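Visitor: For the first sequence, position 397 matches number 397 in the numbering used here, and the numbering has no gaps at all.
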Amino acid sequence: MADELLAVRRAKLDRLRADGIDPFPHEFAGVEPVARVLAAHEALQPGEETTVAHRVAGRLAARRGQGKMAFLDLVDRSGRLQLQARQDVLGEQLHERLLTQVDLGDIIGVDGSALRTKRGEISLKIERFTVLAKSLRPPPEKHHGLQDVETRYRRRELDLMGNEAARALFITRARIITAIRRALDEAGFVEVETPILQPLYGGGHARPFTTHHNALDRDLYLRIATELYLKRCIVGGLERVYEIGKDFRNEGLSTKHNPEFTVLEFYEAYADYNDVADRLEALVTSAVAQVGSRGEIDFTPPWRRITLRDAILAASGVDFRAHAQRDELAAAIGDRLPTQGRTWPQLVDDLLSTFVEPTLQQPTFLMDYPVEMSPLAKAHRSERGLVERWEAFCGGAEIANAFTELNDPDEQRARFDAQARYGAEGDDEAAPYDEVFVQALEYGMPPTGGVGLGIDRLVMALCDQASIREVVLFPALRD
RNA sequence: GCCCCUGUAGCUCAACUGGCAGAGCAGCGGACUCUUAAUCCGAAGGUUCCAGGUUCGAUUCCUGGCGGGGGCACCA
1 MADELLAVRR
11 AKLDRLRADG
21 IDPFPHEFAG
31 VEPVARVLAA
41 HEALQPGEET
51 TVAHRVAGRL
61 AARRGQGKMA
71 FLDLVDRSGR
81 LQLQARQDVL
91 GEQLHERLLT
101 QVDLGDIIGV
111 DGSALRTKRG
121 EISLKIERFT
131 VLAKSLRPPP
141 EKHHGLQDVE
151 TRYRRRELDL
161 MGNEAARALF
171 ITRARIITAI
181 RRALDEAGFV
191 EVETPILQPL
201 YGGGHARPFT
211 THHNALDRDL
221 YLRIATELYL
231 KRCIVGGLER
241 VYEIGKDFRN
251 EGLSTKHNPE
261 FTVLEFYEAY
271 ADYNDVADRL
281 EALVTSAVAQ
291 VGSRGEIDFT
301 PPWRRITLRD
311 AILAASGVDF
321 RAHAQRDELA
331 AAIGDRLPTQ
341 GRTWPQLVDD
351 LLSTFVEPTL
361 QQPTFLMDYP
371 VEMSPLAKAH
381 RSERGLVERW
391 EAFCGGAEIA
401 NAFTELNDPD
411 EQRARFDAQA
421 RYGAEGDDEA
431 APYDEVFVQA
441 LEYGMPPTGG
451 VGLGIDRLVM
461 ALCDQASIRE
471 VVLFPALRD
């Protein structure tokens, strides 16, 4: 019974204290990662012992043997190391304490000397050990790990503790982000932090979360994007800026959507959407170089670039450019999609998500979107009615979105007015008018290319994970 | 919000067509100085998610609820 398991561990805690041992000491200096110990003794022959001293620390993960010699497995963030406990080394009292008062799951520190056992495993012969933190609850099952999906998400610490693959994945995630940050820094970008609490949300098409500031007695929104603030940094002359952080969207949960998600946005003055496409390829390439890529997707540049029009035409036979009127387009679609009550831009989006998006397994840029779908993008230099925008897809999902940024303040004002009309017609995701942003453009923003990249989606693609919950440490769940 | 699947010991999983709820790991007692999913002996461990219903009898079938997973819708 659970209570008995807890009581046993409590009793051992009391026993340690009774023996004058602090089960929660303050520090344990000079610890080496176990991977370094293993690497240092590769050359040892089976049965060979050394006097090379090492100090390691970590969680006790397994124990074999209960007699005068026992083997223990110690796990730290770098790996797993076998410890050899010998009564003739430790003495009867300490040996007994190690085997009876120390439990699986306890954090212990060990001083010992390296050897390779007769069976060939590099190990540390325990000369001294220290309880660094007594574990009062039983750890996950030692060889199946923690399997229950709900518990893995809700109690991620147990998932990380019990499942090597989970630890490895989140380390990989961190390395991907580091690689991207380094590549941007090396390209002369300035990392900035813009408000998460915003008086007005903007930069995307989504419903926001609302919160309240007591002292100001006013509602604030959690940002849905960093776009408008980052462009104000461009206006101010920073020229190359980026931010990596959380955006929040008040929408449903799915394997591809978490209400808070990590996004990279970067803006580059004097660049257009073609230039920033090249840069995104380069960023992802540096991430792949750091961590490799599991799965079927080949991120080697250049990625396929195809216009949205040609992609939809090839997949569905419908040319949305030939049907500028809503009813005409609906007629061309016929009964392949429900068209009732859908607007022209929504129909284009339906064609994209139904016929094209699922087929985009390998990295692909879809170029040139209708202006109605893109209030912050600059008009296409040669195609009337389109803007210079692309979205990047892989594994059947969108990972990035970019445009040549609209920097004409009068046109931006007109685009906001159009959004306001959509809002009045009932689109509760229409972008709100942002006068401060438009005034910033009036001071002059250089021609600029900007990109938003979904970090969680990228990690999913690089790590071959089907659910965003596998790549977010603490995903949103129902209570 | 809708559809499908799912919930059994601390953990990982069994339990035939409705017939005494079981095993492994962990824990407990014991044996063991080169084990590595250590092994062996012994004893224990349960509100089968919750509430009803059908039945002589429900982990099993039915209804409702709660939680989870997947899909749809939503979501650029």
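By construction, the Cβ of each residue, glycine as well, lies at the ideal position given by its N, Cα and C atoms.
All of these numbers come straight from a predicted model, not from anything done at the bench.
Does the segment 134 to 149 come into contact with the segment 248 to 257, if we say contact requires no fewer than three beta-carbon pairs (one atom in each stretch) closer than 8 Å?
Guide: No, they do not touch.
Visitor: Do you know whose CA, among Y369, D278 and F189, lies nearest P363's CA?
Guide: D278
Visitor: Report the residue ranges of all beta strand (DSSP E) runs contained in full by the segment 54 to 120; include only those spanning at least 3 residues, in chain order.
Guide: 69 to 76, 79 to 86 and 107 to 116
Visitor: In the structure shown, what three-state DSSP assignment does Y422 receive?
Guide: Of the three classes helix, strand and coil, the one that applies to Y422 here is helix, per DSSP.
Visitor: Applying the criterion that 16 or more other CB atoms from any shown protein chain within 10 Å of the CB defines a buried residue, is V102 buried or exposed?
Guide: buried
Visitor: So what's W390 in DSSP terms, helix, strand or just coil?
Guide: The answer is strand: DSSP assigns W390 an E or B state.
Visitor: With DSSP as the reference, identify every bridge partner of N401, one or two as the case may be.
Guide: E391 and G452
Visitor: So what's T210 in DSSP terms, helix, strand or just coil?
Guide: Note: T210 maps to strand in three-state DSSP.
Visitor: Identify every residue that forms a DSSP beta bridge with S254.
Guide: H257
Visitor: What does A29 pair with, by DSSP beta-bridge criteria?
Guide: Paired residue(s): none; A29 is not in a bridge.
Visitor: Buried or exposed for Q412, going by 16 or more other Cβ atoms inside 10 Å?
Guide: buried
Visitor: Could you tell me which residues DSSP pairs with S123 in its beta bridges?
Guide: Q82 and L115
Visitor: Check V263 in the structure and name its three-state DSSP category.
Guide: strand
Visitor: Starting from F24, follow the beta strand (DSSP E) in both directions and report where the run begins and ends.
Guide: Run containing F24: none; DSSP gives neither H nor E here.
Visitor: Looking only at its own chain, which residues have a Cβ that is under 6 Å from the Cβ of Y229, when we skip the five neighbours before and after it?
Guide: T194
Visitor: Nearest CA to the CA of D219: which residue from P199, I234, R207 and Q84?
Guide: P199
Visitor: Where in the segment 279 to 327 do unbroken runs of the alpha helix (DSSP H), each at least 4 residues long, occur, reported from the N-terminal end onward?
Guide: 308 to 316
Visitor: What are the start and end residues of the beta strand (DSSP E) that includes I244?
Guide: R240 to F248
Visitor: Are there three or more Cβ pairs, one per stretch, closer than 8 Å when the segment 399 to 406 is compared with the segment 442 to 462?
Guide: yes
Visitor: Within the continuous beta strand (DSSP E) that includes D368, where are the two ends?
Guide: T364 to P370
Visitor: Can you find the residues in the same chain that come closer than 6 Å, C-beta to C-beta, to M373, ignoring five residues on each side of it along the sequence?
Guide: P345
Visitor: Could you check where the beta strand (DSSP E) with R218 kicks off and where it finishes?
Guide: Where R218 is concerned, the enclosing beta strand (DSSP E) stretches over R218 to L222.
Visitor: Under the assumption that A61 contacts R86 (Cβ atoms under 8 Å), give the Cβ distance between them as a whole number of angstroms.
Guide: A61 to R86, Cβ: 20 Å. No contact.
Visitor: I224 and P208 look like a contact to me (Cβ under 8 Å); what is the Cβ gap, rounded to whole Å?
Guide: 5 Å
Visitor: What do you get for V480, buried or exposed, if any count of 16 or more other CB atoms within 10 angstroms of its CB means buried?
Guide: Outside the displayed range of the chain (1 to 479) lies residue 480, so it cannot be described from this structure.
Visitor: Compare the Cα-Cα distances from L408 to each of D428, R175, E425 and A377 and report the closest residue.
Guide: According to the sequence as given, residue 408 is Asp; it is not Leu. Distance check between D408 and each of D428, R175, E425 and A377 places A377 closest, using alpha-carbon atoms only.
Visitor: Check whether the Cβ atoms of H257 and I455 sit closer than 8 Å, and answer yes or no.
Guide: no
Visitor: Tell me whether the beta-carbon of V75 lies closer than 8 Å to the beta-carbon of A57.
Guide: no
Visitor: Which whole-angstrom value describes the C-beta separation of G105 and I126, a residue pair presumed to lie in contact below a C-beta threshold of 8 Å?
Guide: Not really, about 18 Å apart at Cβ, beyond 8 Å.
Visitor: Would you identify the three-state DSSP class for L158, choosing helix, strand or coil?
Guide: Helix at L158.
Visitor: If you measure between the beta carbons of L441 and A287, is that distance less than 8 Å?
Guide: Their beta carbons are not under 8 Å apart, which means L441 does not touch A287 by this criterion.
Visitor: Which class does A377 belong to by DSSP, given the choice of helix, strand or coil?
Guide: strand
Visitor: By how many angstroms is the C-alpha of L453 removed from the C-alpha of S382?
Guide: 26 Å
Visitor: Please report the residue range of the alpha helix (DSSP H) in which R384 lies.
Guide: Counting along the chain, R384 falls outside any alpha helix (DSSP H), and DSSP gives it neither H nor E.
Visitor: Short of 6 Å in beta carbon distance, which residues of its chain neighbour F416, apart from the five on each side in sequence? Order them along the chain.
Guide: Hits under 6 Å: Y433.
Visitor: Compare the beta carbon distance of L366 and L308 with 8 Å and say whether it is the shorter of the two.
Guide: yes
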